[in-house]
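For reference, the structure is listed below as structure tokens.
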Amino acid sequence: MDITSKEELKQKDPSIIIEHLYKSFGTNKVLDDFSLTVAREENVAVLGKSGSGKSVLIKCIVGLLKPEKGRIIVAGEDITKLSDQALDKIRSKIGFLFQGNAIYDSMTIRENLEFPLRRRWVRLTQAEVDSNVKEALDNVNLAHTIDMMPSELSGGMLKRIALARTMILKPEIILYDEPTTGLDPITAREIDDLILSLQKKYHTSSIIISHDMNCVKKTADRVALLLDGKCYAQGTYSEFEASTDPNIKQFFE
Numbered sequence: 019m020d021i022t023s024k025e026e027l028k029q030k031d032p033s034i035i036i037e038h039l040y041k042s043f044g045t046n047k048v049l050d051d052f053s054l055t056v057a058r059e060e061n062v063a064v065l066g067k068s069g070s071g072k073s074v075l076i077k078c079i080v081g082l083l084k085p086e087k088g089r090i091i092v093a094g095e096d097i098t099k100l101s102d103q104a105l106d107k108i109r110s111k112i113g114f115l116f117q118g119n120a121i122y123d124s125m126t127i128r129e130n131l132e133f134p135l136r137r138r139w140v141r142l143t144q145a146e147v148d149s150n151v152k153e154a155l156d157n158v159n160l161a162h163t164i165d166m167m168p169s170e171l172s173g174g175m176l177k178r179i180a181l182a183r184t185m186i187l188k189p190e191i192i193l194y195d196e197p198t199t200g201l202d203p204i205t206a207r208e209i210d211d212l213i214l215s216l217q218k219k220y221h222t223s224s225i226i227i228s229h230d231m232n233c234v235k236k237t238a239d240r241v242a243l244l245l246d247g248k249c250y251a252q253g254t255y256s257e258f259e260a261s262t263d264p265n266i267k268q269f270f271e
């Protein structure tokens with residue numbers, strides 16, 4: 019089932035192209051001929067039940083997992099064929115917001131944000147590092163936390179810091195793994211707003227893995243359903259919401 023016509027997708031400039039992807043763990047087929055295209059500057063939310071393979075999908079996109087078959091074109095490169103060194107360079111174009119934030123408890127907020135800058139291919143002066151850190155914190159309205167420890171921040175603030183660190187290298191693509199999980203409704207809306215404002219500011223393309231339908235409704239230009247290892251359906255939120263297909267309706271009940 020494909021709600022959005024393929025002709026519409028062809029007219030867009032793709033940022034991610036996933037073609038006929040297969041990934042298994044033993045006899046468990048997690049991705050079974052999965053295909054999806056993400057246009058440049060588009061947010062695509064991927065829905066699916068727990069254990070359906072959503073996290074496996076984004077780990078394949080960044081090369082943390084290697085599929086058995088299929089192609090993943092990221093920034094014009096098929097990452098399934100790259101050397102480790104070439105893959106590291108492509109990863110610098112991809113931001114990954116982890117579900118658990120992955121903030122280092124033993125580092126200050128400044129040090130957490132400096133960490134990816136220190137590991138990038140291009141060497142930066144201290145002034146450039148400071149400027150990037152300031153811009154990242156300004157983006158999430160947390161400039162005052164720069165010398166604080168993670169233990170001093172609330173869960174919502176830590177999520178915003180994680181988003182700032184994700185954006186500090188100004189990636190072309192962002193992968194969001196449950197960006198609003200565990201947050202109260204007000205803080206979740208703030209994260210949704212940040213996702214949209216950063217997309218607009220940096221012209222990013224994103225895949226958003228989420229069970230939060232409010233987040234999906236607000237942030238997604240398009241929605242895809244991962245079912246039985248395949249991209250079962252794709253379309254706008256409104257098209258999904260109006261669907262009578264029981265596999266889609268269950269997410270709106």
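Heads up: the sequence shown runs through residues 19 to 271, numbered per the working numbering.
All C-beta atoms, glycine included, are put in the ideal place defined by N, C-alpha and C.
Annotation: residue 258 is outside any beta strand (DSSP E); the continuous alpha helix (DSSP H) that includes it extends over 255-260. Only residues of its own chain outside the window of five on either side were considered, and among them 195, 196, 199 have a CB closer than 7 Å to the CB of residue 117, listed in chain order. With distances taken between CA atoms, residue 255 lies nearest to 65 out of 215, 50, 65. Going by C-alpha positions, residue 55 is about 21 Å away from residue 188.
Excluding its 5 nearest sequence neighbours in each direction, residue 150 has C-beta neighbours in its own chain below 7 Å: 135, 186, listed in chain order. By the criterion of at least three beta-carbon pairs nearer than 8 Å, the segment 121-136 is in contact with the segment 152-168.
Between the segment 59-78 and the segment 31-47, the count of C-beta pairs closer than 8 Å reaches three or more; the two stretches touch. Around the beta-carbon of residue 146, fewer than 16 other beta-carbon atoms lie within 10 Å, marking it exposed.
In the three-state reduction of the DSSP assignment, residue 110 falls in the coil class. Contact between the segment 39-50 and the segment 82-92 is present: three or more C-beta pairs spanning the two stretches fall below 8 Å. Distance from the CA of residue 236 to the CA of residue 202, rounded to the nearest whole angstrom, comes to 16 Å. Apart from sequence neighbours up to five positions away, the residues of its chain that approach residue 182 with a beta-carbon distance below 8 Å are 131, 154, 155, 157, 158, 160, ordered along the chain.
Beta-bridge analysis with DSSP links residue 32 to 57. By the CB criterion at 7 Å, residue 82 and residue 184 fall outside the cutoff.
Taken in chain order, the whole beta strand (DSSP E) runs of length 3 or more contained in the segment 140-223 are 191-195.
Ranking 53, 225, 221, 179 by CA distance to the CA of residue 208 puts 179 first. Short of 6 Å from the beta carbon of residue 95, and not among the five residues preceding or following it, lie these beta carbons of its own chain, in chain order: 108.
Boundaries of the alpha helix (DSSP H) around residue 131: 127-136.
Checking the DSSP bridge columns, you'll see residue 51 has no partner listed. In terms of CA proximity to residue 71, 48 leads the group 79, 48, 52, 84. Excluding the 5 residues flanking it on each side, residue 165 has same chain C-beta neighbours closer than 8 Å at 126, 127, 128, in chain order. The three-state secondary structure of residue 67, taken from DSSP, is coil.
Taking the Cα positions, residue 219 is about 32 Å away from residue 67. When 216, 267, 213, 222 are compared, the shortest CA-CA separation from residue 112 is found for 222. A check of alpha carbon separations from residue 62 across 192, 266, 141 identifies 192 as the nearest.
Rounded to whole angstroms, residue 228 and residue 249 show a C-alpha spacing of 16 Å.
Of the candidates 171, 271, 247, 217, 217 places its Cα closest to the Cα of residue 239.
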